[in-house]
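What follows is a set of notes on a single structure, which appears directly below.
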Amino acid sequence: MSSADTPDAEDQTPDQRRTLFRLVRGEPDDAEVAALTAVLATAASASAAVATVADEGGRSVWVDRAAMMRPPMHPGPGAWRDSTWPG
1 MSSADTPDAE
11 DQTPDQRRTL
21 FRLVRGEPDD
31 AEVAALTAVL
41 ATAASASAAV
51 ATVADEGGRS
61 VWVDRAAMMR
71 PPMHPGPGAW
81 RDSTWPG
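The opening position of the sequence shown corresponds to residue 1 in the numbering used here, with each subsequent residue numbered one higher.
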């Protein structure tokens, strides 16, 4: 085994050895293939994280434009304090 989590190709079944991506052109070296694999794995995990947030039914507060708007200011006692404290 190459690591604790990843078995060698000889230990895998044909279903586990399926091709994840195929290089169509060029002759990349091992470092370039490793970089491509890292980018694709990161993109896949990021899209899985976004799908998880979407499956939870709620939108993130970071993209909720209504949460970014402050309530209207009203003159009166303590209005200066209310203008800075979230309400």
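We treat Cβ as the ideally placed atom computed from N, Cα and C, and that holds for glycine.
Under 8 Å between C-beta atoms of residue i and residue j
i: Arg-67; j: Met-73; result: According to the sequence shown, residue 67 is Ala rather than Arg. In this structure, Met-73 does not lie closer than 8 Å to Ala-67 by Cβ.
Coil, strand or helix - residue i by DSSP
i: Ser-60; result: coil
i: Ser-83; result: coil
i: Thr-19; result: coil
i: Glu-88; result: Residue 88 is absent from the model: the chain starts at 1 and stops at 87.
i: Val-24; result: coil
i: Asp-30; result: helix
i: Met-68; result: helix
i: Ser-3; result: Low confidence applies here, because Ser-3 scores a pLDDT of 47, under 50, leaving its location unreliable and the question unanswered by this model.
Per-residue burial, residue i [other beta carbons within 10 Å of its own, 16 or more giving buried]
i: Gln-12; result: exposed
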